Amino acid sequence: LCLKNISFKYPNVDRFIIDNMSLIIKNGESIGLIGSSGSGKTTLIDLILGLLTPQKGEILYNNHDLNKMVPQWRSKVAYLPQDVFLFDNNLKVNIALEVDDVDINQNKIDEVIQQTRLDELVKELPQGIETIIGERGIRLSGGQRQRVALARALYNERDVLIMDESTSSLDSITEEEIVDEIKKLKGNKTLIVIAHRLSTIRHCDRIYKIERGKIVKVGNYNEVVSDLEKLP
Numbered sequence: 084l085c086l087k088n089i090s091f092k093y094p095n096v097d098r099f100i101i102d103n104m105s106l107i108i109k110n111g112e113s114i115g116l117i118g119s120s121g122s123g124k125t126t127l128i129d130l131i132l133g134l135l136t137p138q139k140g141e142i143l144y145n146n147h148d149l150n151k152m153v154p155q156w157r158s159k160v161a162y163l164p165q166d167v168f169l170f171d172n173n174l175k176v177n178i179a180l181e182v183d184d185v186d187i188n189q190n191k192i193d194e195v196i197q198q199t200r201l202d203e204l205v206k207e208l209p210q211g212i213e214t215i216i217g218e219r220g221i222r223l224s225g226g227q228r229q230r231v232a233l234a235r236a237l238y239n240e241r242d243v244l245i246m247d248e249s250t251s252s253l254d255s256i257t258e259e260e261i262v263d264e265i266k267k268l269k270g271n272k273t274l275i276v277i278a279h280r281l282s283t284i285r286h287c288d289r290i291y292k293i294e295r296g297k298i299v300k301v302g303n304y305n306e307v308v309s310d311l312e313k314l315p
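Heads up: the sequence shown is residues 84 to 315, going by this note's numbering.
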């Protein structure tokens, strides 16, 4: 994915939220995005997802205009927000996103449950993976909901995982467990992580610090954020 001198501003807003930004994300890379609230991180993700179109510059996906490749691109991407969307259905359906059991690959379900360490939860649930988890996953903790979101991405074989501060509401122990699972995907999946806590991006190959819509610093963890106690 190549962003070439892109700029974006919302209607009736004078300044560009993203201002002449360029970056390249290669297959299998882990990318971290840091910056204060309002720096443009979420807008940048919306542009990368194809939800917004830059007024200046271009975004290329495999050397093609992203605007003409949005369905193909999105079929490769899993977006993991802070508040995971879950159905009022059983755990298996929430992972597979297939309503009919005949369409669900049980072997793949078992595999991703092991990968995301949901097996202990499954043992505790009264009907295992057939247990109804309630509206918005009310029966699950925040960490368990994040694991379900990760299992969903792996089951549906998405090559790109975009995490939008998805662990920021978790306690430090649960967050560490989720980050450990994500680290195992490094090199096999392309990871784009908006960081709330610095611990979530220590594993990243490259980190971009964004201020007022511009990239002000780029490098590995030690080069960009090791001297910071917390994000600005």
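Every residue gets a Cβ at the ideal spot worked out from N, C-alpha and C, and that includes glycine.
Quick caveat, the model's predicted, so the values are computed rather than measured.
Boundaries (first-last residue) of the beta strand (DSSP E) holding V276: Looking up residue 276 in the sequence shown gives position 193. Counting along the chain, the beta strand (DSSP E) containing V276 begins and ends at T273 to I277.
Own chain, CB closer than 6 Å to K313, minus 5 neighbours either side, in chain order: As a first step, residue 313 is located in the sequence shown; it is residue number 230 there, counting from the start. Bear in mind that the predicted position of K313 carries a pLDDT of just 48, short of 50, making it unreliable; the figure below should be weighed with that in mind. Answer for K313: no residue qualifies.
Buried versus exposed call for H147 [16 or more other C-beta atoms within 10 Å across all chains shown]: The count along the sequence shown starts at 1 and reaches residue 147 at position 64. Per the 10 Å Cβ criterion, exposed.
Under the three-state DSSP convention, the category K124 falls into: Position 41 of the sequence shown, counting from 1, holds the residue named residue 124. In the structure shown, K124 sits in a helix (DSSP, three-state: H, G or I).
I89, buried or exposed, once every other Cβ within 10 Å from all chains shown has been counted against 16: Numbered from 1 along the sequence shown, position 6 holds the residue referred to as residue 89. I89 is buried by the Cβ-count criterion.
Residue range of the unbroken beta strand (DSSP E) whose run includes N103: Along the sequence shown, read from residue 1 onward, the residue named residue 103 stands at position 20. Per DSSP, the continuous beta strand (DSSP E) segment holding N103 begins and ends at I101 to I107.
Exposure of G302, with buried meaning 16 or more beta-carbon neighbours within 10 Å: For the purposes of this step, residue 302 is identified with residue 219 of the sequence shown, where counting begins at 1. Answer is exposed; the Cβ neighbour count stays below 16.
Span of the beta strand (DSSP E), counted from its first residue to its last, around Y162: Taking the first residue of the sequence shown as 1, we reach residue 162 at position 79. DSSP places Y162 in the uninterrupted beta strand (DSSP E) bounded by V160 to L163.
Beta-carbon contacts of R222 that lie in its chain and below 7 Å, excluding the five residues immediately before and after: Position 139 of the sequence shown, counted from the first residue, corresponds to residue 222. In chain order, I216 place their CB closer than 7 Å to the CB of R222, counting only its own chain and leaving out the 5 sequence neighbours on each side.
With 16 other Cβ atoms within 10 Å as the buried cut-off, status of D247: Reading the sequence shown from its first residue, position 164 is the one you call residue 247. So D247 counts as buried.
Enclosing alpha helix (DSSP H) for E203 [first to last residue]: Counting from 1 along the sequence shown, the entry for residue 203 is found at position 120. Counting along the chain, the alpha helix (DSSP H) containing E203 begins and ends at D202 to E207.
Cα-Cα separation between G225 and D97, rounded to whole angstroms: For the purposes of this step, residue 225 is identified with residue 142 of the sequence shown, where counting begins at 1. For the purposes of this step, residue 97 is identified with residue 14 of the sequence shown, where counting begins at 1. Approximately 38 Å between the Cα atoms of the pair.
Neighbour-count burial assignment, G115, 16 or more Cβ in a 10 Å radius: Mapped onto the sequence shown, residue 115 falls at position 32. Buried: at least 16 other Cβ atoms inside 10 Å.
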